[in-house]
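For the sequence shown, the numbering used here assigns the number 169 to the last residue and increments by one with no breaks.
Just so it is clear, CB atoms sit at the ideal spot from N, CA and C, and this is done for glycine as well.
Take a look at the structure below.
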Amino acid sequence: MWGCSVYLAATPTLAEGEHVIVISNVYTPNPLDDYKRRWEIATLFGCLKSRGFDMERTHLRDLERLSKLLALLSLAFCWCYRVGEWRAEQKPIRRLKHKRPAYSVFRYGLDYLNELLLKSSERAMNQFNHALGFLLGEQPPPITVPFAMNR
């Protein structure tokens, strides 16, 4: 391509007639796996920044403080993601016309936790306490009473 050697890999997507195409100037045995991993990392940083915790608004420059913040936000990300998975088992994330989820599993969990914290009912606090169990590796029970959520 324009006088440069490139490596090409492609695979069909779930959408009919579409493909993921990866082009690289560096050979790798599994370029699609590498791309998937890179995409996961980019998605994580998006959640830590503009699509979730808004980390850049802290304007931190001190490396030690930034490291501690990143560790805490990484834990919070994992918690929100796990709560989102659990919540999706109870109430699946709706799909848009193009079949993609209306929002991410992370966002589903984050919004659910936010809503629980903003409500002052005993039931909301019980659900929040169950969700806290994920931090301890516990499996919260299924939600037996439907909990209205904006999403």
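Cutting at 7 Å between CB atoms, please list the residues of its own chain near residue i, excluding the five before and the five after it.
i   : result
D52 : T46
C98 : F124, G127, L128, L131
Could you give the first and the last residue of the continuous beta strand (DSSP E) run that contains residue i?
i    : result
S179 : In the structure as shown, the chain begins at 19 and stops at 169. Residue 179 is therefore absent and cannot be evaluated.
Y25  : 25 to 30
Just to confirm, is the Cβ distance from residue i to residue j under 8 Å?
i    : j    : result
C65  : N43  : no
V24  : I41  : yes
V123 : G155 : no
M73  : L50  : no
For residue i, report the span of its alpha helix (DSSP H) as first-last.
i    : result
P49  : 49 to 66
F124 : 123 to 136
F146 : 140 to 150
Can you list, in chain order, the residues of its chain with a C-beta nearer than 6 Å to that of residue i? Leave out the 5 residues immediately preceding and following it.
i   : result
L26 : I41
Between residue i and the ligand GDP, is the CB less than 7 Å from at least one heavy atom?
i   : result
P47 : As for the ligand GDP, it is missing from this structure, which has no ligand bound.
Quickly, what does DSSP pair residue i with across the bridge? List them, please.
i    : result
P119 : R113
**Report entry** the segment 109 to 116 / the segment 79 to 92 touching (three or more Cβ pairs under 8 Å)
**Finding:** With a cut-off of 8 Å, the segment 79 to 92 and the segment 109 to 116 do not count as touching, because too few Cβ pairs lie within range.
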